[in-house]
Every structure is written in C-alpha cells, then in structure tokens.
Ligand SMILES: Nc1ncnc2c1ncn2[C@@H]1O[C@H](COP(=O)(O)OP(=O)(O)O)[C@@H](O)[C@H]1O
Ligand SMILES: O=C(O)[C@@H](COP(=O)(O)O)OP(=O)(O)O
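Numbering (full-length UniProt numbering), first residue to last: 1 to 308.
Here it is as structure tokens:
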C-alpha cells in the first residue's frame with residue numbers, strides 16, 4: 001500500500017493512495033473519466049515498482065505533473081494551474097447565470113465534476129423556499145417564472161418594458177437568498193456553485209461580487225432554434241414534469257431576458273459563454289476560473305490538496 005502524507009495547519013495526516021481521488025483531480029485537465037483512471041492506475045503501478053510506499057502530497061503532485069507532461073504538456077499545465085488555484089485558503093464561489101433553458105444546471109453539474117466541487121445550489125430552489133415564506137398576495141412576482149413575472153406586477157407603472165420590469169422584480173427578491181448563500185459559504189469556507197436565472201450581473205452586492213474568490217459567468221444560447229431545442233430535450237424524459245408548452249408559449253420573453261442578461265454582462269464586464277458545445281463550454285468555464293483565480297502556472301508546485 002502507498003501512503004499519502006499531507007499537512008493541514010501544522011498537523012500531519014496520512015491516507016491511503018486512492019486511484020479514484022487522483023483520477024477525479026485529473027479531470028480538470030479535460031481528461032475523460034476512463035483516461036483519468038487509466039493514468040491514475042499507471043501512476044500507482046510506477047510508484048509501487050519504485051518501492052515508494054509513502055509520498056507527500058506535494059511530491060505526488062509533482063510526480064503527476066511530470067507524468068502528465070509526457071502524455072500532453074497542455075494537460076499537465078492545466079493540472080498545475082488548478083493546483084495553484086486550490087492553494088488558496090479561501091473557498092471558491094462560482095456563480096453561473098443564464099436565461100431559462102440555456103443549460104446552467106447541466107453545466108454546473110459538469111463543472112462541479114470537473115473541479116471536484118461538492119456543492120451546487122440552484123436559485124430555483126432558493127426561490128421555492130422563499131415562496132413558502134412570502135405569500136403570493138404579498139409578492140406575486142416570485143410565484144411566477146422569471147420570464148412571465150411581468151404578468152403579476154400590481155402597480156400600473158409606466159413601463160419601458162414590462163417583461164424586463166417583471167424579471168428585475170423577480171430576480172431582486174431571489175437575489176437576497178443568493179447573497180445569503182454567498183455570505184454563508186464565505187463564512188464557513190465552503191466552495192459552492194450557484195446556478196440559475198437569478199444570477200444576474202449588477203444585482204449581487206458589490207462587496208461580495210468584487211471578492212477575489214467570487215466569479216460570475218453567464219451562459220447564453222445565441223441561436224434561437226438551438227435554444228428552443230433545449231426545451232424539447234429537457235422535457236423529453238417521462239419523469240420530467242415541467243410543461244414544454246409553458247416554455248414554448250413564453251419563448252419570446254425568455255429570449256428577452258437573455259438579451260437583458262447579456263446587456264448587464266456587458267455593463268459589468270462579466271464573461272459570457274455561448275453554450276453550444278458541451279465540452280467547449282466546460283473548457284471555457286475552467287479556463288476563465290483558472291484565469292480569474294490567479295492560477296497562471298509558474299511551474300513551482302508547493303502545497304494544497306484537490307479534495308475540496
Ligand atoms: N452544451 C449543450 N449541448 C447540448 N445540450 C445541452 C447543452 N447544455 C444543456 N443542454 C441540454 O439543454 C437542456 C436544458 O438545460 P438545463 O441545464 O436544464 O438548462 P437551465 O438549467 O439553464 O434551464 C437539457 O436537456 C440539457 O441536457
Ligand atoms: O423562472 C424561470 O425562468 C425558470 C428558471 O428555471 P430553468 O428553466 O433555468 O431551470 O424557472 P421555472 O419557473 O420555469 O421553474
């Protein structure tokens with residue numbers, strides 16, 4: 001057996017080498033699951049052949065990076081960059097916004113897998129909790145979808161655009177919950193991905209969004225027809241209870257909310273990714289995250305673990 005030795009706040013710990021843990025940490029470098037396991041397997045074999053039965057986390061990381069360098073230097077560099085990011089004592093707060101149907105939940109799930117993060121919070125669920133607390137009479141807009149919230153605005157104000165006004169009122173309320181999750185995650189040191197239509201540039205408090213360990217990404221589907229198709233695929237499985245009709249009837253207003261999100265992203269310098277191809281989107285997200293969190297590789301490995 002090989003023991004991996006690490007250090008947390010001056011305390012040494014030892015754990016058995018796990019191919020599963022190593023394979024998961026390799027996935028950030030765009031390796032498929034099979035290839036990641038294969039490489040983890042090979043590395044274990046090599047260590048055993050060299051009679052290494054105890055290795056520090058840092059030495060293991062260097063070993064892995066060197067091994068990967070022979071497989072593909074780009075993969076090795078991604079691995080090293082991500083480890084740089086994980087050296088930080090701060091949790092990562094990743095916010096993924098996008099209009100209904102563009103793929104925020106699918107991409108959040110995939111990203112969590114790639115980065116080995118364990119917490120994903122959907123803003124739809126935050127809204128659901130709020131609906132139990134705030135009655136329909138008191139705040140009708142959050143009892144609707146973001147894109148048809150305008151139908152329940154009570155005040156007959158003079159509106160430039162009712163859909164956007166409804167969207168803003170809707171997001172503004174749910175945003176209180178989003179901020180609470182960010183605050184709690186920062187306080188507890190828990191990395192989290194928060195995803196959904198209620199993640200909108202310009203809405204989250206400046207002091208939170210400006211933190212070095214908080215990043216926001218906006219997904220879009222620029223092509224209308226592709227966007228429409230996403231609702232078909234999403235509603236196809238027989239266990240899905242969401243009505244396709246609801247989204248098709250409101251498709252134009254959903255597109256309007258997307259345009260609003262893009263405009264807001266421009267104003268607030270938020271990165272926008274056109275989510276067409278699954279792998280390209282994930283790669284762009286990983287690259288942005290590594291860039292934002294200062295993981296540019298200088299080639300020097302020191303400390304940190306991958307198991308957040
Ligand atoms: N890049 C992509 N390529 C193909 N299908 C995708 C992609 N991203 C998401 N989808 C599919 O589109 C549908 C909507 O995605 P979903 O994650 O539910 O969107 P959202 O949470 O933003 O409403 C799902 O069926 C999902 O599998
Ligand atoms: O309010 C909205 O726009 C959608 C967002 O959810 P996704 O479509 O992004 O999952 O929620 P809905 O009311 O359809 O449950």
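Quick reminder that beta carbons are idealized off the backbone N, C-alpha and C, glycines included. Small disclaimer: the values here were computed from a predicted structure and weren't measured.
Annotation for residue 121: 181, 192, 194 place their beta carbon closer than 7 angstroms to its own, counting only its chain and skipping 5 residues before and after. Just so you know, the alpha carbons of residue 45 and residue 39 end up roughly 10 angstroms apart. C-alpha of residue 1 to C-alpha of residue 184: approximately 39 angstroms in a straight line. One alpha carbon belongs to residue 107, the other to residue 275, and they sit about 9 angstroms apart. Counting the other CB atoms within 10 Å of its CB gives residue 285 a total of 16 or more, which places it among the buried residues.
For residue 219, the uninterrupted beta strand (DSSP E) run begins and ends at 214 to 220, by DSSP. Taken through DSSP and simplified to helix, strand or coil, residue 95 comes out as strand.
Residue 245 counts as exposed, since fewer than 16 other beta carbons sit within 10 angstroms of its beta carbon.
Setting aside the 5 residues that flank it on each side, residue 164 is surrounded in the same chain by 260, each with a C-beta closer than 6 angstroms to its C-beta; the list follows chain order. At a threshold of 6 angstroms, residue 278 does not count as near ligand 2, since its beta carbon sits no closer than that to any of the ligand's heavy atoms. In this structure the region 161 to 176 lies against the region 123 to 131, because at least three pairs of beta carbons, one per stretch, are closer than 8 angstroms. Counting every other CB atom within 10 Å of its CB across the protein chains shown gives residue 12 a total below 16, marking it as exposed.
For residue 142, same chain residues with a beta-carbon under 8 angstroms away, outside a window of 5 residues either side, are 127, 130, 131, 134, 149, 170, 173, 174 in chain order. The alpha-carbon of residue 288 is positioned some 30 angstroms away from that of residue 232.
The Cβ atoms of residue 215 and residue 90 do not sit closer than 7 angstroms to each other. For residue 186, the closest alpha carbon among the candidates 208, 203, 167, 200 is that of 208. Counting along the chain, residue 76 sits inside the alpha helix (DSSP H) bounded by residues 73 to 86.
DSSP places residue 14 in the strand class (E or B) of the three-state scheme. A straight-line Cα-Cα distance of about 20 angstroms links residue 206 and residue 167. Bounds of any alpha helix (DSSP H) do not take in residue 269, whose DSSP letter is neither H nor E.
At the C-beta level, residue 290 and residue 281 stay beyond 7 angstroms of one another.
Not one heavy atom of ligand 2 sits closer than 6 angstroms to the Cβ of residue 28. Burial check for residue 84: the Cβ neighbour count within 10 Å reaches 16 or more, so the residue is buried. Shortest Cα-Cα distance from residue 197 to any of 219, 9, 59, 72 involves 219.
Residue environment: residue 221 is assigned as buried (16 or more neighbouring CB atoms within 10 Å of its CB, all protein chains considered). Looking from the CA of residue 188, the closest CA among 119, 33, 55 belongs to 119.
Distances from the CB of residue 197 to the heavy atoms of ligand 2 include at least one below 6 angstroms.
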